[in-house]
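To convert, note that position 261 of the sequence shown is 486 in the working numbering; the numbers rise steadily by one, no gaps.
We put the CB at the ideal spot given by N, CA and C, even for glycine.
For reference, the structure discussed in these notes is given below.
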Amino acid sequence: MFEDLTRTVAAYRSAVDFAASRRERELERTLQDPRARTGPAAEAAREAVHARHAGLVGQARAVLDRDLAQLRAESEVMEPALPPAPARWDNPVWHAYQPPADRPTALWLGDLTLPEAPDLRIPMLLRLPLERGLWGDSGPARAEDGCVVPGGLREPATRTAVALAARLLAVHPVGALTVHVIDPDRSAGESSAPLAESGALHEPRRPARGVWTRCWTASSGGWSWCGRRCATTRWTRCPTTWISLTSCCGCTTSRTASTTGRSRSCGISWTRAPRRG
226 MFEDLTRTVA
236 AYRSAVDFAA
246 SRRERELERT
256 LQDPRARTGP
266 AAEAAREAVH
276 ARHAGLVGQA
286 RAVLDRDLAQ
296 LRAESEVMEP
306 ALPPAPARWD
316 NPVWHAYQPP
326 ADRPTALWLG
336 DLTLPEAPDL
346 RIPMLLRLPL
356 ERGLWGDSGP
366 ARAEDGCVVP
376 GGLREPATRT
386 AVALAARLLA
396 VHPVGALTVH
406 VIDPDRSAGE
416 SSAPLAESGA
426 LHEPRRPARG
436 VWTRCWTASS
446 GGWSWCGRRC
456 ATTRWTRCPT
466 TWISLTSCCG
476 CTTSRTASTT
486 GRSRSCGISW
496 TRAPRRG
C-alpha cells in the first residue's frame with residue numbers, strides 16, 4: 226500500500242512540477258516583447274497562463290484524491306483484520322490480548338505518511354527475524370555552530386528502544402524472548418525502568434563494565450549472568466534481543482547487525498542475536 230501511495234504521490238508531484246515549468250515558459254514568452262508587457266492584452270495573457278496552470282494542478286489533484294480515497298478504503302478493510310504483531314496499539318485486536326503461541330513474522334514500528342496525505346497512515350512493518358540490526362538516530366551530537374547539544378538527545382532514542390522491546394515481548398510467546406540492555410555508562414536507568422519494573426529486565430548487581438546484565442534464560446529456568454564485553458566475540462547461549470544505548474560520539478559494535486564503526490549521533494542499536502554455542 227505504501228508503494229502505491231508513493232507512486233501516486235510521485236505522479237502528482239511530477240504533474241505539479243510540469244505545470245509550474247510550463248507556466249514559467251509561457252510567462253517568459255509574454256514578456257519577450259517590451260511593448261506587450263503592459264496593457265489589457267498583456268494582463269489577459271498572464272491570466273490565461275495562470276488559469277492553464279491552475280487547471281493542470283487541479284487535474285493532478287483530482288487524480289491524487291481519487292487514488293487516496295481508494296487507499297483509504299483498503300486501509301479501513303485491512304487494519305481491523307491485522308493480527309497483534311503488525312497492528313497499532315489502538316487496534317481493537319489488543320482489547321482481548323492473549324499471549325501468542327507462535328513467533329511473529331513481522332513487527333509494527335510506526336506509521337508512514339506523506340505531506341500530500343497526512344491523514345493516510347500506512348503501517349511500517351519490519352520482517353522478523355531480523356536480517357540486520359535496527360538503528361534509531363535521535364539527532365546530531367553537536368549543533369551547527371559546533372557547540373555540544375544539551376542532554377536529552379539520548380532520551381527519545383531510549384524511549385524508542387524500550388517501546389520496541391515492549392512490543393517484541395508482547396508479540397512473542399511467553400519465555401521465547403530475552404531482552405538485554407547494553408548501557409555502558411548506566412545513564413538510561415530512568416528510561417528503562419518500565420522494563421525493570423515489569424520483570425522483563427533485572428538490574429545487575431555488578432558495577433557497569435560494558436554490557437553486563439541479568440537475563441532470563443529459558444534453558445536454566447532462572448536468572449543468570451550473561452553478556453558480552455566490547456572486546457570479546459562470544460555471545461550468550463540464549464536467543465536474545467540486544468538494545469545498545471550508545472553515547473554521543475561513541476562506538477557501537479554489532480556483529481549481527483553487520484555494522485561496525487563510530488557514530489557521531491545519539492541513538493539506539495536494536496539487534497536480534499542468534500543462538501550460539
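Within the model, the alpha-carbon separation for Ala285 versus Ala326 is close to 48 Å. The continuous alpha helix (DSSP H) containing Thr231 extends over residues Phe227 to Thr255.
Partner residues in the beta bridge of Ala342, as assigned by DSSP, are Leu339. Short of 8 Å from the beta carbon of Val282, and not among the five residues preceding or following it, lie these beta carbons of its own chain, in chain order: Ala240, Val241 and Ala244. Using a 10 angstroms sphere on the CB of Ala287, the tally of other CB atoms stays under 16, which defines it as exposed. The Cβ neighbour count for Pro348, taken over all protein chains shown within 10 Å, is at least 16; the residue is labelled buried. C-alpha of Arg352 to C-alpha of Ala310: approximately 11 Å in a straight line.
Non-local C-beta neighbours of Pro329 in its own chain, meaning closer than 6 Å and more than five positions away in sequence, comprise Ala310, Leu353 and Val396, ordered along the chain.
Leu293 and Glu228 have their C-alpha atoms some 12 Å from each other. Collapsing the DSSP output to three states places Arg357 in coil. Rounded to whole angstroms, Ala391 and Arg271 show a C-alpha spacing of 60 Å. The segment 295–339 contains, as complete beta strand (DSSP E) runs of 3+ residues, the segments 331–339 (chain order). With a beta-carbon spacing of about 6 Å, Val404 and Leu420 fall inside the 8 Å limit used to define contacts. Between Asp336 and Arg313, the CB-CB gap stays under 9 Å. Arg392 sits in a helix when the DSSP states are folded into three classes. Taking C-beta separations shorter than 6 Å and ignoring five residues to either side along the sequence, Pro317 has no partners in its chain. In this structure Trp333 is buried. Its beta-carbon is surrounded by 16 or more other beta-carbon atoms within 10 angstroms.
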